[in-house]
């Protein structure tokens, strides 16, 4: 694969040649929309189709064209100097571009999405990092990172943080991993993560615990993806049992989302399977529930009708229909009704003996 | 000080005695409202006044009274077994209380606030932990924690996390600290934290970096408080320059909030001072700005008129008035307009030479 810095140079050279030869320079950008998305079961994620739109330099596109080139150039500097910039910082950098400066961050973000799709990389590889951190890790994992000053390898042992945890950095592209774990357990709520950490669940069950803290950030998703891929580990998702947990959080974690198909390749986790909480668990474990809200019902029905992921997996259709019939949703914390540690002493161990029955 | 478990026993014994002697049992609870709050400049935080309300067992209070006693009893079990429960788990535990069970978590949370105020502790000391984690740490700090299994002391060196960080656990009551740092830098945005971590700002400037990630969680505030108090370190706050950053995030960090005065004692950080971004910085560093929104103007005017913290500190009144006159707000990321690392190479070092001029 050609290094990114070279790719950037090559595309810039193409534009330059066009200009020198008095031709209108053009950038071919992938169309980023649901109409240009395929769900390939073998690949395991929503991926980008072949549709392209041409951005040609004309009187009406001159500002956008200049901004795109300026951002590509900034990106090259970031890559060459191993520097980073947040989306917000990128917006402020443009304040020195004179007429080409962005007036709102929205403009700047759109161009960044275009640049990302143009080079078919995730923008972290271009040096652009998200604003938010998120995601904590504990358990049988050694993370290999570099000291930014000396370049010496640091070995970060995630079994040694007591009640605390390793906080995933904003960019995880350079991290290495060593582990003797058998699986990764991705947990929706921070409270449940803290309970499993407190009782060293990762030790007895030979695993790595990752706290998503609700909808996982890009960095957290990319971390799980890289870890599961590098170390060939399955990922088991432990989330609230409601249509949002199933069709939004879990679905996005596993196969990605429609309007960001150009990056699903880097962020989705095809190795993920759904441990629970399932509608069947409500019956099997006699869990306290709450009635489905109007929005839950709508979300479940929409997914059954329109979501390519649900439509390809009969077990998910069955689960959603089951939930709609029962008319209730359930939370991870509901196990507390049977004793605070029922979840780690009974539920999780029983479930982990039947991974073959996890939802796809 | 009497151990908490004993205090709980004593208060329960009082109720029992009343009942056995055919007297109506009564619990004296502090009134939790702004009318029962004092701002003591010497203490450094909003504190609770002397007003009490009596909760006496009558026909109409029987359910609330039973719930209060049941929760106090649960808390004793948690304290005695060194166990933890989130607010949501506490709500589910009550599902086994028959008629006394909570129907909504709101009811359960209100009683928890009462119990917390009754014993004049923060609820983490009673074993009740928040749902959310938050707050990352990097720099010159060794955290001492215990392995929950073996009880052995763990030494967690926050200089050894590379691009990552130490994630603050939900409860920090048991942590110990060793440091040779000169101050704690509390940073509003995760992106800015990542930049300072990447360039090992903590090494050159002998400090501990804490990422608040927006409005700091309870655990994060308590962590900063305990760290600054134990190690006698000043806390410098580095935040966006807008009325929300000044009057909400910073004010709450430093002196606490009105409607939670019974716990400010544990959560506020009187050692905090405001490094920036100040309205004067906008002029001194020629920073790009955004116009104040309607809500910003209202918030600043309200604070000038009603906030006891602002009213006691003329430098804050001046700063807010200055901001209102200029009509603009400013973000931490704005320094990027002068180069990505201007903030850590120029702004922060210059500011840190004049800590005496920080806002109170």
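Chains as they are written, first to last, in the numbering used here: chain A, 1199 to 1558; chain B, 1199 to 1558. Every residue, glycine too, gets a C-beta built ideally from N, C-alpha and C.
If you draw a straight line from the alpha carbon of residue i to that of residue j, how long is it in whole angstroms?
| i | j | result |
| --- | --- | --- |
| residue 1226(B) | residue 1452(B) | 29 Å |
| residue 1268(A) | residue 1374(A) | 32 Å |
| residue 1466(A) | residue 1220(A) | 43 Å |
| residue 1521(B) | residue 1512(B) | 14 Å |
| residue 1406(A) | residue 1364(B) | 16 Å |
| residue 1296(A) | residue 1205(A) | 27 Å |
| residue 1276(B) | residue 1307(B) | 17 Å |
| residue 1551(A) | residue 1402(A) | 14 Å |
| residue 1399(B) | residue 1482(A) | 53 Å |
| residue 1357(A) | residue 1352(B) | 10 Å |
| residue 1367(B) | residue 1383(A) | 18 Å |
| residue 1518(B) | residue 1504(B) | 13 Å |
| residue 1388(A) | residue 1284(B) | 10 Å |
| residue 1294(A) | residue 1540(B) | 14 Å |
| residue 1475(A) | residue 1515(A) | 15 Å |
| residue 1559(A) | residue 1222(A) | What is shown of chain A runs 1199 to 1558, which leaves residue 1559(A) out entirely. |
| residue 1446(A) | residue 1508(A) | 11 Å |
| residue 1537(A) | residue 1350(B) | 27 Å |
| residue 1210(B) | residue 1546(A) | 36 Å |
| residue 1215(A) | residue 1558(B) | 59 Å |
| residue 1544(B) | residue 1292(A) | 20 Å |
| residue 1444(B) | residue 1415(B) | 17 Å |
| residue 1302(A) | residue 1257(A) | 21 Å |
Using 7 Å as the threshold, is the C-beta distance between residue i and residue j below it?
| i | j | result |
| --- | --- | --- |
| residue 1385(A) | residue 1436(A) | yes |
| residue 1534(A) | residue 1287(B) | yes |
| residue 1489(B) | residue 1526(B) | yes |
| residue 1421(A) | residue 1354(B) | no |
| residue 1408(A) | residue 1335(A) | yes |
| residue 1438(B) | residue 1523(B) | no |
| residue 1248(A) | residue 1229(A) | no |
| residue 1417(A) | residue 1370(A) | yes |
| residue 1459(A) | residue 1213(A) | no |
| residue 1411(A) | residue 1332(A) | yes |
Find the nearest neighbour of residue i within the set the options, judged by alpha-carbon distance.
| i | options | result |
| --- | --- | --- |
| residue 1316(B) | 1461(B), 1404(B), 1372(B) | 1461(B) |
| residue 1290(A) | 1353(B), 1556(B), 1532(B) | 1532(B) |
| residue 1473(A) | 1349(A), 1432(A), 1354(A), 1464(A) | 1432(A) |
| residue 1240(B) | 1376(B), 1524(B), 1469(B) | 1469(B) |
| residue 1376(B) | 1325(B), 1309(B), 1424(B), 1550(B) | 1424(B) |
| residue 1477(A) | 1459(A), 1498(A), 1463(A) | 1498(A) |
| residue 1427(B) | 1381(B), 1230(B), 1401(B), 1454(B) | 1381(B) |
| residue 1449(B) | 1543(B), 1200(B), 1237(B) | 1237(B) |
| residue 1440(B) | 1544(B), 1292(B), 1491(B) | 1491(B) |
| residue 1244(B) | 1538(B), 1544(B), 1506(B) | 1506(B) |
| residue 1549(B) | 1500(B), 1415(B), 1434(B) | 1434(B) |
| residue 1464(A) | 1419(A), 1553(A), 1502(A) | 1419(A) |
| residue 1347(A) | 1300(A), 1390(A), 1280(A) | 1280(A) |
| residue 1390(A) | 1542(A), 1200(A), 1199(A) | 1542(A) |
Only counting the same chain, and skipping five residues up and downstream in sequence, which positions put a Cβ closer than 8 Å to that of residue i?
| i | result |
| --- | --- |
| residue 1361(A) | 1392, 1395, 1396 |
| residue 1372(B) | 1343, 1344 |
| residue 1442(B) | 1494, 1497 |
| residue 1313(B) | 1266, 1269, 1270, 1273, 1321, 1324 |
| residue 1338(B) | 1356, 1357, 1377, 1378, 1379, 1400, 1401, 1404, 1405, 1406 |
| residue 1207(A) | 1274 |
| residue 1310(A) | 1269, 1285, 1288, 1321, 1326 |
| residue 1304(B) | none |
| residue 1200(B) | 1208 |
Can you list, in chain order, the residues of its chain whose CB lies under 6 Å from that of residue i, leaving out five sequence neighbours each side?
| i | result |
| --- | --- |
| residue 1224(A) | 1252, 1254 |
| residue 1184(A) | Residue coverage of chain A in this structure runs from 1199 to 1558, which leaves residue 1184(A) outside it and unanswerable. |
| residue 1556(B) | 1471, 1472, 1473 |
| residue 1242(A) | 1468 |
| residue 1300(B) | 1289, 1292, 1306 |
Once the 5 residues before and after residue i are set aside, which same chain residues still bring their CB inside 7 Å of it?
| i | result |
| --- | --- |
| residue 1429(A) | 1375, 1377 |
| residue 1278(A) | 1203 |
| residue 1217(A) | 1223 |
| residue 1319(A) | 1202 |
| residue 1264(B) | 1298 |
Which residues share a DSSP beta bridge with residue i?
| i | result |
| --- | --- |
| residue 1405(B) | 1381(B) |
| residue 1439(B) | 1528(B) |
| residue 1474(B) | 1436(B) |
| residue 1334(B) | 1365(B), 1409(B) |
| residue 1374(A) | 1342(A) |
Given 6 Å as the limit, tell me if residue i has its C-beta closer than that to any heavy atom belonging to the ligand FAD.
| i | result |
| --- | --- |
| residue 1478(A) | This structure lacks the ligand FAD, and indeed carries no ligand of any kind. |
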